[in-house]
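Novice: Residue numbers (my numbering): 62 to 236. For each residue, glycine too, the CB sits at the ideal point set by N, CA and C. Every value quoted in this text rests on a predicted model; they were computed, and no experiment measured them. If you scroll down you'll find the structure; I have some questions about it.
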Ligand SMILES: Cc1cc2nc3c(=O)[nH]c(=O)nc-3n(C[C@H](O)[C@H](O)[C@H](O)COP(=O)(O)O)c2cc1C
């Protein structure tokens, strides 16, 4: 994979997150790691010199949350469509209960201060800058609380500064 600048990226974030999904991962080789499928998040500029950032939302029940909380970084792995079945699996079974990464046939790469997957076609390495639990009192849209949080298990949002982007080919570079 080759490293590229965020300035070179050409993709539709709505399709990428909401349609293709991503694997959010965190951990290290010594203490272990975990991953889960995500489709909620954002890419954009925040703080610094319009720093490139990614925001992810993790519910308290996710095993991956322990790793994201513990580590300085998390990664986002974009997988080929052919991995959709594995992504559905990684998004429905917990790493607390089984070695889901091995069962999905993914190869862990411990590098750049975090973990991601050799099979990914794009990897975004993020350094955590901010984390906050969403609060019920913050919702202007009451119906969202009812629809998305019937159990009041509000997500924690993590803002990560994008430190590194690796791509397999030019698919997201618009070349
Ligand atoms: C398409 C899809 C998108 C998902 N998006 C999110 C998300 O953005 N945030 C979240 O907390 N869980 C999300 N999930 C649920 C987690 O991936 C799922 O609960 C997973 O099994 C958690 O694994 P873990 O316990 O090993 O961390 C999503 C699941 C799927 C299938």
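Would a C-beta distance cut-off of 8 Å place residue 128 and residue 88 closer than the cut-off?
Specialist: Contact flag set, yes.
Novice: Report the rounded CA-to-CA distance for residue 172 versus residue 231, giving the unit in angstroms.
Specialist: Distance between the alpha carbons of residue 172 and residue 231 is about 22 Å.
Novice: Residue 170 and residue 176 - do their beta-carbons sit closer together than 8 Å?
Specialist: Contact flag set, yes.
Novice: When you compare only the Cα positions, how much space is there between residue 112 and residue 180?
Specialist: Computed Cα separation, rounded: 28 Å.
Novice: Please state whether DSSP places residue 122 in a helix, a strand or coil.
Specialist: Of the three classes helix, strand and coil, the one that applies to residue 122 here is coil, per DSSP.
Novice: Work out the CA separation of residue 92 and residue 234 for me, nearest whole Å.
Specialist: Each residue's alpha carbon lies about 35 Å from the other.
Novice: Looking at ligand 1, does it come within less than 7 Å of residue 119, judged from the CB to the closest heavy atom?
Specialist: For ligand 1, at least one heavy atom lies less than 7 Å from the Cβ of residue 119.
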